[in-house]
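First to last, the protein sequences are chains A and B. Going by our numbering, the first sequence opens with residue 1, and the numbers climb by one from there. Going by our numbering, the second sequence opens with residue 203, and the numbers climb by one from there. C-beta: ideal position from N, C-alpha, C; glycine also. Scroll down for the structure; my scribbles are underneath it.
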Amino acid sequence: MGDACLHVRGLKRLHLGPLDIDLAAGEIVCLRGESGAGKTVLMRAIADLDPNEGTLQLETQPRETIAPPLWRRRVCYLPADSGWWAETVGEHFPDNDQTAPLLKRLRLPHDVLGWPVRRLSTGEKQRLALARVLLLAPTVMLLDEPTSGLDSTATEAAETEIRKHAENGGAVLFVSHDDAQARRLTRRILTLTDGRLCESAP
Amino acid sequence: MNFIELGYLDLALAASLILLNAVLSLVLGLKLEKRLLIAAFRTVVQLTLMGLVLKTLFALTSLFWTLVAAVVMILFAGYEASARLKQTFAGFWAYGLGTGSMLAAGLIVTAFALTTQIKPDPWYDPRYALPLLGMILGNTMTGISLGLNSLLGNAVRERIAIEARLALGHDIRAALGGIVREAMRTGLIPIINAMAAAGVVSLPGMMTGQILAGVPPVEAVKYQILIMFLIAGGTALGLLCAVYGSAWRLTDSRQRLRLDRLSTVKDE
Numbered sequence: 001m002g003d004a005c006l007h008v009r010g011l012k013r014l015h016l017g018p019l020d021i022d023l024a025a026g027e028i029v030c031l032r033g034e035s036g037a038g039k040t041v042l043m044r045a046i047a048d049l050d051p052n053e054g055t056l057q058l059e060t061q062p063r064e065t066i067a068p069p070l071w072r073r074r075v076c077y078l079p080a081d082s083g084w085w086a087e088t089v090g091e092h093f094p095d096n097d098q099t100a101p102l103l104k105r106l107r108l109p110h111d112v113l114g115w116p117v118r119r120l121s122t123g124e125k126q127r128l129a130l131a132r133v134l135l136l137a138p139t140v141m142l143l144d145e146p147t148s149g150l151d152s153t154a155t156e157a158a159e160t161e162i163r164k165h166a167e168n169g170g171a172v173l174f175v176s177h178d179d180a181q182a183r184r185l186t187r188r189i190l191t192l193t194d195g196r197l198c199e200s201a202p
Numbered sequence: 203m204n205f206i207e208l209g210y211l212d213l214a215l216a217a218s219l220i221l222l223n224a225v226l227s228l229v230l231g232l233k234l235e236k237r238l239l240i241a242a243f244r245t246v247v248q249l250t251l252m253g254l255v256l257k258t259l260f261a262l263t264s265l266f267w268t269l270v271a272a273v274v275m276i277l278f279a280g281y282e283a284s285a286r287l288k289q290t291f292a293g294f295w296a297y298g299l300g301t302g303s304m305l306a307a308g309l310i311v312t313a314f315a316l317t318t319q320i321k322p323d324p325w326y327d328p329r330y331a332l333p334l335l336g337m338i339l340g341n342t343m344t345g346i347s348l349g350l351n352s353l354l355g356n357a358v359r360e361r362i363a364i365e366a367r368l369a370l371g372h373d374i375r376a377a378l379g380g381i382v383r384e385a386m387r388t389g390l391i392p393i394i395n396a397m398a399a400a401g402v403v404s405l406p407g408m409m410t411g412q413i414l415a416g417v418p419p420v421e422a423v424k425y426q427i428l429i430m431f432l433i434a435g436g437t438a439l440g441l442l443c444a445v446y447g448s449a450w451r452l453t454d455s456r457q458r459l460r461l462d463r464l465s466t467v468k469d470e
């Protein structure tokens, strides 16, 4: 793939690999596999959150030449469990004029930024965590079950934002156990079994 | 200086209190009599040996042997500090970080006090150097083990929050900043409390000892104040080395959180 924005060659981590993956600009790819197959391990390795081997390139830039925080902002991983490090929701968000409209589109309460984190429901946490990633406008989004706890309205809102990200030229790799969602979002599925990837259509 | 020398009969009289304790334990069924007697016996043997070692060291007044004694004390303190940790690094680092920090803090602060404030002749006079080092080490050890327990425990507990920040492209310093500050605070609280309570709630042991030995109270107080400040300095220095050294060991050149380097946390 000539216009790939993320190249992964020979990625190895624990029982995974060596794996090759290419994600093109504007592409949404679903990553599947049984529990314990290593989907999270793979995404964490791509985001460089765990030691791993392999050659990774963002557009033409090798990973080693990009400072780790910058790599992770551009190849941004959204874990299945969201993490919170401050008291209020607002402290986790940049203070700019894109935040409020995005939260509204994700159907979050208008005053949610002023809430203490402990008041959030699981679904609210999940959408807020997705919003944090979207606001960084990364080149590649690695989403680990981004809509698993959401009702259908919230899921639809989240999917719309994910699609919009791809339309703006971003690439997305997401984990989902939902066939219908895979059909809605993507034409390409990667399945992880025994540390290997195989490709299929939904 | 005048002090009342104790005879062996005096000690034997005091030992009758230990026997009383043992009888009490028997009567009340506490089942502590054996442990109590062994502990009392260890006190006698260990302190007697220490007295003999100190007597020899004082007589020698040699820089080499004073340093040997200092290093042995530091190694024990390092072992003790790492033994108190619930969570620690795998391999050499478990022991190395605490001991290294104690070595730096103990030697620097003791040397500073000996050469600029107390100024015995020679400066390494073991009669001053070893008790000073002992007091600094004892407190620094507490501070370091409290600080590291906090740091490593929080690193495990707060993993999701720390990695959320890393995943969002925050610098590792920012991501670990909260738990590093918390660890420093936790380690420094005891000496701050001790300074705040000194003289009001507690009469520090060293000062009491000097007063018993006939030192005028005001002089003993001056020594105690000096010691408190040295302990505060030693704790801060040792804690700084141990906490920042551990934070450094918790991460790597790609700014990852490396909990796999802790001995009780298995790699996922």
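Exclusion of the five residues before and after glutamate 199 (chain A) leaves Leu190 as the residues of its chain whose Cβ lies within less than 6 angstroms of its Cβ. In its chain, beyond the 5 residues on either side, Arg13, Leu14, Leu16 have a beta carbon closer than 7 angstroms to the beta carbon of valine 41 (chain A).
Put simply, the backbone Cα of arginine 359 (chain B) is about 14 angstroms away from that of arginine 460 (chain B). Put simply, the backbone Cα of valine 175 (chain A) is about 46 angstroms away from that of tyrosine 281 (chain B). The three-state reading of DSSP puts lysine 104 (chain A) in helix, counting H, G and I together. Within chain B, the residues whose beta carbon sits less than 7 angstroms from that of leucine 49 (chain A) are Glu365, Leu368, Ala369, Arg458, listed in sequence order. Distance from the CA atom of threonine 186 (chain A) to the CA atom of proline 202 (chain A), rounded to whole angstroms, is 7 angstroms. A distance below 7 angstroms between beta-carbons, with the five flanking residues on each side excluded, links leucine 305 (chain B) to the following residues of its chain, in chain order: Ile276. Closest in C-alpha terms to methionine 409 (chain B), from the list B:Leu208, B:Gly389, B:Ile393, B:Val423, comes B:Val423. For alanine 100 (chain A), the closest alpha carbon among the candidates A:Leu134, A:Asp194, A:Met141, A:Ala80 is that of A:Leu134. A straight-line Cα-Cα distance of about 28 angstroms links serine 121 (chain A) and valine 29 (chain A). Going by C-alpha positions, phenylalanine 93 (chain A) is about 19 angstroms away from leucine 142 (chain A).
With distances taken between CA atoms, asparagine 351 (chain B) lies nearest to B:Arg387 out of B:Thr263, B:Thr317, B:Arg387, B:Ile320. Here DSSP, grouped into helix, strand and coil, assigns threonine 147 (chain A) to coil. The straight-line gap separating the alpha-carbon atoms of isoleucine 21 (chain A) and valine 75 (chain A) is approximately 14 angstroms. Among the residues facing chain B, cysteine 76 (chain A) is included, as its CB has a counterpart in that chain under 8 angstroms away.
Straight-line spacing of the CA atoms in leucine 78 (chain A) and alanine 296 (chain B) works out to 33 angstroms. For a Cβ distance threshold of 9 angstroms, residue set Pro79, Asp81, Ser82, Gly83, Trp84 of chain A lies close to isoleucine 362 (chain B), ordered along the chain.
Straight across, the Cα-Cα distance linking asparagine 395 (chain B) with glycine 447 (chain B) is about 25 angstroms. Comparing C-alpha distances from threonine 312 (chain B) to each of B:Gly435, B:Ser347, B:Leu441 shows the shortest one belongs to B:Gly435. Under the three-state reduction of DSSP output, isoleucine 21 (chain A) falls in the strand class. In this structure methionine 252 (chain B) is exposed. Its beta-carbon is surrounded by fewer than 16 other beta-carbon atoms within 10 angstroms.
Counting only Cβ-Cβ distances below 8 angstroms, leucine 70 (chain A) has contacts in chain B at Gly371, in chain order. Within its own chain, the residues whose Cβ lies closer than 6 angstroms to the Cβ of threonine 301 (chain B), once the five positions on either side in sequence are excluded, are Gly280, listed in chain order. Using a Cβ-Cβ cut-off of 9 angstroms, leucine 143 (chain A) is close to nothing in chain B; its nearest Cβ partner there is about 11 angstroms away. In this structure, the CA atom of lysine 104 (chain A) is about 22 angstroms from the CA atom of aspartate 144 (chain A). Residue pairing by DSSP places serine 404 (chain B) opposite B:Ala400 in a beta bridge. Beta-bridge annotation (DSSP): lysine 12 (chain A) is paired with A:Glu53. Fully enclosed alpha helix (DSSP H) runs of no fewer than 4 residues occupy 265 to 285, 294 to 315 of the segment 245 to 332 of chain B, in order along the chain. Within chain B, no C-beta atom comes less than 8 angstroms from the C-beta of leucine 134 (chain A); the nearest is roughly 11 angstroms away.
Phenylalanine 294 (chain B) has its alpha-carbon roughly 47 angstroms from the corresponding atom of proline 418 (chain B). Rounded to whole angstroms, glutamine 319 (chain B) and leucine 432 (chain B) show a C-alpha spacing of 11 angstroms. For valine 172 (chain A), the three-state secondary structure derived from DSSP is strand.
For threonine 344 (chain B), same chain residues with a beta-carbon under 7 angstroms away, outside a window of 5 residues either side, are Pro392 in chain order.
Glutamine 98 (chain A) counts as exposed, since fewer than 16 other C-beta atoms from the protein chains shown sit within 10 angstroms of its C-beta.
Not a single CB atom of chain A sits nearer than 8 angstroms to the CB of glycine 293 (chain B).
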